[in-house]
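Engineer:
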């Protein structure tokens, strides 16, 4: 992450918060969970404190705490079950039942939510896997022609995680074609950062190139917003294989079908992977003024060729 | 369900607008008058209008030429056939949003693989522009009538002039019941406007419904400017008269309505039906 991007993210978040009339600048330890992925995509777990550097608003800050992050997770799995989402219902069911639920560990707390015309978040799952699978079938139903208020759903999930222990994470499975929201993407990210919730995303990725008559073509990149959301909140962004909608049905009526056949969806392994890597984070603490302001945060690792995933801003106090 | 549009009170509007107090039995309509040359006629007064309720003249109890605030759902066709018009439609809609007055409120909606309506009914142009930039995704079929229905339902709790503006390139391909949608439109005194982009054109059923509601439609050819159609639409909405009357029979039933102008060569665009309030 570049400093410019971090500063921009912080400025964006700052614009959402009321400016305090009196700034009380006490100091407190602020923590940030950091995931480091190697070039092979696997977590790098042998780093030491000396490998990390923290910059707050562009200035280096000493690391006051360092160690592995607690493995317990409080999670809401938000499934986009609307019509535009290319995942079939059975694919969603299978991914949750065969991959996600078995990947939960003792100490985890998890709920499942659905993005649709009605945003629904189920109760905390019980330790009984069979009953969870049974409840899932009725819960994750596809509703025809309903909107996809993805950002509002994220915010509902953030609220559902308020006060929960452990690393608070939302995993969003969606195509990113968001519509019918009261909140903007930026507002949803701001609220998630303020609540210290990271948002992981499993997206179909890709883009559509749309000719516009005699005008320049336009590109639709619904995944771009999802990647930004994950980056801003320190979440993991994964794409579900090759994008399915690259071909324009109008230009090549069979291209879309070929793509679907050739690139079967595999959300299950990706759900397992998000859970796995989320448990292999470092927790870094640093002293920060509790001024209730949004600050840009940039966590760097000295080892070359690694990807650092951490939230890009924080609100202290 | 039939529901007459009954204004209890329009309340205090913006400074340039008059305040009206009407009884719960008053039916308010918003006729547009167009001259023989196609220009909107704005200099008529109450004496120029005649209301005919179920064939009998009715006394006009409320009249105004002041600009009325717009409460509208702007429904944009985002079916697959609109893919190559996405930027054109979005940019023209942004222009429409920029042109609305302070008291106007819009809700942006789209229809295609999904029917999506913003929960924000607002005059905040920043929010409206954000919705247009973030939430238009072409693809899927054309559930045009279902989208009209969704737009009307989203405005059901609103008072005043309630308008649905639909921008589409074709005919419905996937809606359920057109009759129920028409019933809701007429019963609720919704005004429906449609901008038909080049393509199959607006269907005769839709054009008929538009006429029933007192709205209007614009059929564009490829070389014609969508922004100009939006501008004409905005012009029409700003120059409608407000005419209120009490039906002779408060029977809760559909009535025929004719709004006449006592000047030759003028065309009146107004609802042809309404549902009278029910008084037992």
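Residue numbers (the numbering used here), protein chains in the order written: chain A, -3 to 313; chain B, 57 to 336.
Just so you know, even glycine gets a beta-carbon here, dropped at the ideal spot from N, CA and C.
Name the residues in the region 173 to 187 of chain A whose C-beta lies less than 8 Å from a C-beta of chain B; which are they?
Structural biologist: Residues 173, 174, 175, 176, 177, 178, 180, 181.
Engineer: How should residue 102 of chain B be labelled, buried or exposed, when 16 other C-beta atoms within 10 angstroms of its C-beta is the threshold for buried?
Structural biologist: Residue 102 of chain B is exposed by the Cβ-count criterion.
Engineer: What in chain B is Cβ-close to residue 316 of chain A, meaning under 8 Å?
Structural biologist: Lying outside -3 to 313, the shown extent of chain A, residue 316 of chain A is not represented and no answer is given.
Engineer: Should the region 95 to 110 of chain A be regarded as contacting the region 187 to 205 of chain A, the criterion being three or more beta carbon pairs within less than 8 Å?
Structural biologist: Result no; under three Cβ-Cβ pairs closer than 8 Å.
Engineer: Is the region 127 to 139 of chain B touching the region 214 to 225 of chain B, taking contact as three or more C-beta pairs under 8 Å?
Structural biologist: Yes, they touch.
Engineer: Spatial neighbours of residue 110 of chain B within its chain, please: CB distance less than 6 Å, with the 5 preceding and 5 following residues excluded, ordered by chain position.
Structural biologist: Excluding sequence neighbours, residue 110 of chain B sits near 311, 312.
Engineer: How would you call residue 174 of chain A, buried or exposed, if buried means at least 16 neighbouring beta carbons within 10 angstroms?
Structural biologist: Flag for residue 174 of chain A reads buried.
Engineer: Determine whether the beta carbon atoms of residue 189 of chain A and residue 307 of chain A lie at a separation below 8 Å.
Structural biologist: Taking 8 Å as the Cβ cut-off, residue 189 of chain A and residue 307 of chain A qualify as a contacting pair.
Engineer: Under 8 Å between the Cβ atoms of residue 140 of chain B and residue 204 of chain A?
Structural biologist: Not in contact: residue 140 of chain B and residue 204 of chain A (Cβ atoms no closer than 8 Å).
Engineer: Indicate whether at least one CB of chain A lies closer than 8 Å to the CB of residue 115 of chain B.
Structural biologist: With 8 Å as the cut-off, residue 115 of chain B does not count as an interface residue toward chain A.
Engineer: Do three or more CB pairs link the region 294 to 302 of chain A to the region 36 to 47 of chain A at distances below 8 Å?
Structural biologist: In short, these stretches touch, since the Cβ pair count reaches three.
Engineer: Is the separation between the beta-carbon of residue 231 of chain A and that of residue 154 of chain A shorter than 8 Å?
Structural biologist: Cβ atoms of residue 231 of chain A and residue 154 of chain A: not closer than 8 Å.
Engineer: Step through the CB atoms of chain A and report whether any lies within less than 8 Å of the CB of residue 186 of chain B.
Structural biologist: Interface residue, yes.
Engineer: Evaluate contact between the region 153 to 167 of chain B and the region 181 to 188 of chain B, counting only Cβ atoms and requiring at least three cross-stretch pairs below 8 Å.
Structural biologist: The region 153 to 167 of chain B is in contact with the region 181 to 188 of chain B.
Engineer: What's the C-alpha gap between residue 277 of chain B and residue 268 of chain A?
Structural biologist: Going from the Cα of residue 277 of chain B to the Cα of residue 268 of chain A covers about 53 Å.
Engineer: Give, in chain order, every unbroken run of the beta strand (DSSP E) that is at least 3 residues long and sits entirely within the region 215 to 289 of chain B.
Structural biologist: Whole beta strand (DSSP E) segments, 3+ residues: 218 to 224, 247 to 252, 273 to 275.
Engineer: Going straight from the alpha carbon of residue 304 of chain B to that of residue 112 of chain B, what length do you get?
Structural biologist: Each residue's Cα considered, the two are about 8 Å apart.
Engineer: Quick check: the Cα distance between residue 66 of chain A and residue 162 of chain A, rounded to an integer number of angstroms?
Structural biologist: Answer to the nearest angstrom: the Cα atoms are 7 Å apart.
Engineer: Check this for me: beta carbons of residue 135 of chain A and residue 167 of chain A, under 8 Å apart or not?
Structural biologist: Result no, Cβ atoms of residue 135 of chain A and residue 167 of chain A do not sit closer than 8 Å.
Engineer: Could you tell me which residues DSSP puts in a beta bridge with residue 294 of chain A?
Structural biologist: DSSP, once it has assigned bridges, lists A:51 as partnering residue 294 of chain A.
Engineer: Interface residues of chain A around residue 140 of chain B at Cβ under 8 Å?
Structural biologist: Near residue 140 of chain B (Cβ distances below 8 Å), the residues of chain A are 206, 207, 208, 209, 246.
Engineer: Given that residue 339 of chain B touches chain A, what residues does it touch there, using C-beta distances under 9 Å?
Structural biologist: Residue 339 of chain B falls outside the range modelled here, since chain B spans only 57 to 336, and no answer is possible.
Engineer: Let's test the definition: count the other Cβ atoms within 10 Å of the Cβ of residue 103 of chain A and tell me whether it reaches 16, buried, or not, exposed.
Structural biologist: With fewer than 16 other Cβ atoms within 10 Å, it is exposed.
Engineer: Expressed to the nearest angstrom, what Euclidean distance is found between the alpha-carbon atoms of residue 272 of chain B and residue 289 of chain B?
Structural biologist: Straight-line Cα distance between these residues: approximately 8 Å.
Engineer: Can you find a CB in chain B that lies within less than 8 Å of the CB of residue 216 of chain A?
Structural biologist: Cβ-Cβ to chain B under 8 Å: yes for residue 216 of chain A.
Engineer: Is there at least one Cβ from chain B nearer than 8 Å to residue 18 of chain A's Cβ?
Structural biologist: Residue placement at residue 18 of chain A is flagged as unreliable, the pLDDT there being 48, under the threshold of 50; the coordinate-derived value follows with that caveat. So, not an interface residue.
Engineer: State yes or no: is the C-beta of residue 209 of chain B within less than 8 Å of the C-beta of residue 247 of chain B?
Structural biologist: For residue 209 of chain B and residue 247 of chain B, no; Cβs fall outside 8 Å.
Engineer: For the candidate residues B:262, B:190, B:280, whose alpha-carbon lies nearest to that of residue 180 of chain A?
Structural biologist: When only C-alpha atoms are compared, the closest one is B:190.
Engineer: Relative to chain B, which residues along the region 72 to 86 of chain A have a C-beta separation below 8 Å, given in chain order?
Structural biologist: Residues 78, 79, 80.
Engineer: What does DSSP give as the partner residue(s) for residue 108 of chain B in the beta ladder?
Structural biologist: DSSP, once it has assigned bridges, lists B:113, B:314 as partnering residue 108 of chain B.
Engineer: Does the distance between the C-beta of residue 284 of chain B and the nearest non-hydrogen atom of the ligand MG fall short of 7 Å?
Structural biologist: Inclusion of the ligand MG in the displayed structure is not the case, the ligand content being empty and no account of it being possible.
Engineer: Under three-state DSSP, which class holds residue 197 of chain A?
Structural biologist: The answer is strand: DSSP assigns residue 197 of chain A an E or B state.
Engineer: Consult DSSP for residue 162 of chain A and reduce its assignment to one of helix, strand or coil.
Structural biologist: Of the three classes helix, strand and coil, the one that applies to residue 162 of chain A here is coil, per DSSP.
Engineer: Can you check whether the CB of residue 275 of chain B is closer than 8 Å to the CB of residue 252 of chain B?
Structural biologist: Their beta carbons are under 8 Å apart, which means residue 252 of chain B touches residue 275 of chain B by this criterion.
Engineer: Which bits of chain A does residue 190 of chain B rub up against, with CB to CB less than 9 Å?
Structural biologist: Per Cβ cutoff of 9 Å: 147, 174, 175, 177, 180, 181, 221.
Engineer: Based on Cα-Cα distance, which residue from A:223, A:172, A:131 lies nearest to residue 123 of chain A?
Structural biologist: Closest by alpha carbon: A:131.
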